[in-house]
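I have placed the structure first, in the form of structure tokens, so that the comments after it can refer back to it.
Number of protein chains: 2
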Amino acid sequence: MKAYRYEQNPLLTPLDVKPHHAGFEVIGAFNAGIATYGGEIFMLLRVAERPISPNPGIVLAPVYDPDKNGVELVEIRKDDTRYDFSDPRVIVDVTVGSGFAYLTSLSYIRIARSKDGRRFAVDDKPFVYPSQRLETFGIEDPRVTQIGDTYYVYFSAVSPVGIGESMVSTKDFVNVTHHGMIFGPDNKDVLIFPEKVNGKYYALHRPTVKSVGYPEIWIAESDNLLYWGNHKHLAGLRGDMWDSARIGGGAVPFRTEKGWLELYHGATKEHRYCMGALLLDLDDPSKVIARSGVPVLEPIADYEANGFFGGVVFSCGVIVEGDVVKMYYGAADTSMACAELSLQDILDGLVYL
Amino acid sequence: MKAYRYEQNPLLTPLDVKPHHAGFEVIGAFNAGIATYGGEIFMLLRVAERPISPNPGIVLAPVYDPDKNGVELVEIRKDDTRYDFSDPRVIVDVTVGSGFAYLTSLSYIRIARSKDGRRFAVDDKPFVYPSQRLETFGIEDPRVTQIGDTYYVYFSAVSPVGIGESMVSTKDFVNVTHHGMIFGPDNKDVLIFPEKVNGKYYALHRPTVKSVGYPEIWIAESDNLLYWGNHKHLAGLRGDMWDSARIGGGAVPFRTEKGWLELYHGATKEHRYCMGALLLDLDDPSKVIARSGVPVLEPIADYEANGFFGGVVFSCGVIVEGDVVKMYYGAADTSMACAELSLQDILDGLVYL
């Protein structure tokens, strides 16, 4: 599918962000939630900072301590055979059956502001920083849903007891109210619809299941945005396609004449992440009407193919103006970029079920 | 701890239950939710039925089909090296990283009735049977919370897309309303408190996490029993103890002068399941006050140590009368039994945090 990538891409890289923590380096400014506020476009960046180890034989794992409201560094020797360092994002305890023991970086949310959607200025300070016991390994991949004059910002909350989705809200991007964890673990990639449908709020979510099943997209309903239920399985993997190994919601769904359009990410088992589209029934978003046969965006530009974790395009938010879908996306778990897609092209590329 | 096991134990075994499906055998009548109704004690039994294979070289996996409202049998050859049959409960596809492909039996809920709590008569027909796409592998381990004149019955709903917790309600154990899945996958061992605390309903739940963490007990809140949020981690594993590998809620929590008492199950990595106690703050059940140092019940009787899955005591409900806690429990994933415990003994055995 035709995609117009901005000449300014990548729009932001780790070099554009000053570390918040002394002795850390910024390794990622990516997977930003998107909002418009006060005539500006806001990227709510996921900023990942990694402690710089003075000793090449030691890896430092950052852990937020809510009692001290500060970050502790856990020292792990690289020759400690209990640990596996092969995935640059995590430190795995090989004596445990599954999952990771530590992350190699701490993520939080920082705002970048722009008048034209292409040149962004990054705030000096974090916007939302870990503050809870369920956030000690950081907060990741924010999305923003505006309902009336309130912006709901929700993100993966990561800690040693699991990854769930927590939420804050703000009206002014200054004063923030924390609403706790709205989806318990193992869950991420939550997307709250921007309006009620037939009297209910809806959200997509992505359980990471262990007993049976695969990382696929579910939908839930709510009457207050805080408590969620009536969980239903929405969309699954597709064998041998670009979304054969894992899928999850991407951008906040938006209304079209044909249905709710959700731009989601799908990956292969080789961890190549593309973006595709799901079309959901306008009156009942738990019904899938159509789905992209081919991706709407693939990681082919240099800044998408190469980086901290290469071969990834991962959108958390779009701005829609008529036929133009400005899709902001994280590239290679490193930087932010934007591509404009034609809404008509996306709709024409759908395969109806 | 002293436990008085009924002389009639096991109270019910698979031999007491006629199969609902032609050509099936009952292999389990266990893990029953407990209710009192019309002067009787009800066990809401989990009945597990297994198709009898006419060919020893073929395993039959039962799958409920919601479109046909019937059970299909999937034939799997025992010499098919893609599958592992070593766990008698499940059939594992070894080409997939984790989880099972099929269950070897189909579970549903059937009522057993008693005047004296010791001699039970089993209904001829199922009480709650799979009826939804999220229940095609069966429904398991029901619990019952009575609030006013309504009985809320909730259970693990198992299907190829995951295990979550679904709920029905009834006022008369005849007419049943289905409320859908109240906790999305991977989740089980939900326990809804029998009254609001400070204006909120509370429930324990047990996510099965994959990315990071362990099978531990969480707590959530609600204002309508259908939608749940503000998830918090409540209680974790304890190294080298009887609850070192997995824990989950057991019986419906009940109010004592000292706090909410939750009788939960804990297991070792060798899958030995015991029952223990958690004491939660009366005004804020997300606070753990105390926890059993030693189990309140261990699988030592013959019918607990031996069976379809031996070494298991697993309670889903109790009846409390003064100091007497009548703990009904599944034994060895096969039968039902009851032991009377002293409430004072349980409280005296708690270790305060």
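Going down the list, the protein sequences come from chains E and S. With UniProt numbering as the guide, the letters of the first sequence map in order to residues 1 to 353. With UniProt numbering as the guide, the letters of the second sequence map in order to residues 1 to 353. Just so you know, even glycine gets a beta-carbon here, dropped at the ideal spot from N, CA and C. Here the structure is a predicted model, which is why all the values come from computation and not from measurement.
I'd like the span of the beta strand (DSSP E) that includes S/E257, first residue to last.
Following the DSSP letters along the chain, one finds S/E257 in no beta strand (DSSP E), marked with neither H nor E.
Cβ atoms of S/P207 and E/D186: under 8 Å apart, would you say?
Yes, Cβ-Cβ distance for E/D186 and S/P207 is below 8 Å.
Do three or more CB pairs link the region 215-234 of chain S to the region 220-230 of chain E at distances below 8 Å?
Yes, since at least three Cβ pairs between the region 215-234 of chain S and the region 220-230 of chain E fall closer than 8 Å, the two stretches touch.
Using a Cβ-Cβ cutoff of less than 7 Å, which residues in the same chain neighbour S/D149 once the five nearest sequence positions on both sides are dropped?
Close CB contacts of S/D149 within its chain, under the 7 Å cut and outside five residues either way in sequence, are with K171 (chain order).
Say whether chain E places a C-beta atom closer than 8 Å to the C-beta of S/H265.
S/H265 is outside the set of residues whose beta carbon lies under 8 Å from a beta carbon in chain E.
Quick check: is the beta carbon of S/W228 nearer than 8 Å to any beta carbon in chain E?
Judged by the 8 Å Cβ criterion, S/W228 is in contact with chain E.
Three-state class that DSSP yields for S/P14 in the structure shown:
DSSP places S/P14 in the helix class (H, G or I) of the three-state scheme.
Please specify which runs of the alpha helix (DSSP H), each continuous and at least 4 residues long, are wholly inside the region 205-271 of chain E, giving them in chain order.
Given a length threshold of 4 residues, the region 205-271 of chain E has no whole run of the alpha helix (DSSP H) inside it.
In terms of DSSP beta bridges, what is S/D93 paired with?
According to DSSP, which records beta bridges pairwise, S/D93 is partnered with S/Y83.
Under 7 Å Cβ-Cβ, which residues of chain S neighbour E/G164?
Going along chain S in sequence order, the residues near E/G164 (Cβ under 7 Å) are H231.
For the region 74-103 of chain S, list every residue whose C-beta sits within 7 Å of some C-beta in chain E, in sequence order.
Cβ contacts with chain E come from S98, G99 and F100.
Is S/Q344 helix, strand or coil when you go by DSSP?
Assignment of S/Q344 by DSSP, reduced to helix, strand and coil, places it in the helix class.
Quick check on the burial criterion: 16 or more other C-beta atoms within 10 angstroms. Buried or exposed for E/H205?
With 16 or more Cβ atoms within 10 Å of its Cβ, E/H205 is classed as buried.
Identify the contact partners of E/G330 in chain S, using a Cβ-Cβ distance below 8 Å as the criterion.
By Cβ distance, chain S contributes nothing, its closest Cβ being about 19 Å from E/G330, past 8 Å.
In chain order, what residues of the region 128-151 of chain E put their CB closer than 8 Å to some CB of chain S?
Taken in chain order, the members of the region 128-151 of chain E whose beta-carbon sits within less than 8 Å of a beta-carbon on chain S are R133, L134 and F137.
Which whole-angstrom value is the C-beta distance of E/L106 and E/E165, which I expect to be below 8 Å?
Wrong, their Cβ atoms sit about 18 Å apart, outside the cutoff.
Identify which residue in E/N69, E/A61 and E/F173 has its Cα closest to the Cα of E/P88.
Residue nearest to E/P88 within the set E/N69, E/A61 and E/F173 is E/A61 (criterion: CA-CA distance).
Please confirm whether S/G180 has its beta-carbon closer than 8 Å to some beta-carbon of chain E.
The beta carbon of S/G180 sits closer than 8 Å to some beta carbon of chain E.
Are the C-beta atoms of residue 356 of chain E and some chain S residue less than 8 Å apart?
Any property of residue 356 of chain E remains undetermined from this structure, which presents chain E solely from 1 to 353.
Could one say the Cβ of S/V257 lies closer than 8 Å to chain E's Cβ atoms, at least one of them?
Contrary to the premise, residue 257 of chain S reads as Glu rather than Val in this sequence. Not a single C-beta of chain E is nearer than 8 Å to the C-beta of S/E257.
Check whether the region 266-278 of chain S touches the region 297-313 of chain S, counting contact only when three or more Cβ pairs, one atom from each stretch, lie closer than 8 Å.
Verdict: yes, contact present.
Quick check on S/I300: buried or exposed, where buried means 16 or more other Cβ atoms within 10 Å of its Cβ?
Under this definition S/I300 is an exposed residue.
E/A332, DSSP secondary structure in three states
Three-state result, E/A332: coil.
Give a yes or no on whether 8 Å exceeds the smallest Cβ distance from S/P185 to chain E.
It does: the Cβ of S/P185 has a partner Cβ on chain E nearer than 8 Å.
Please work out which residues of its chain come closer than 6 Å, Cβ to Cβ, to S/F193, disregarding the five sequence neighbours upstream and downstream, and give them in chain order.
Result list for S/F193: Y202 and P253, in chain order.
Three or more beta-carbon pairs under 8 Å between the region 126-133 of chain S and the region 147-162 of chain S, yes or no?
Taking one beta carbon from each stretch, the region 126-133 of chain S and the region 147-162 of chain S have 3 or more pairs nearer than 8 Å; the two touch.
Partners in chain E for S/P160, counting only beta-carbon separations shorter than 7 Å
Those are V212 and G213, listed as they occur along chain E.
For a test of the three-state rule: what should DSSP assign to E/A3, helix, strand or coil?
Here E/A3 carries a coil assignment [DSSP, helix/strand/coil].
Is there contact between the region 18-33 of chain S and the region 319-339 of chain S, where contact requires at least three CB pairs shorter than 8 Å?
The answer is yes - the region 319-339 of chain S touches the region 18-33 of chain S, with three or more Cβ pairs under 8 Å.
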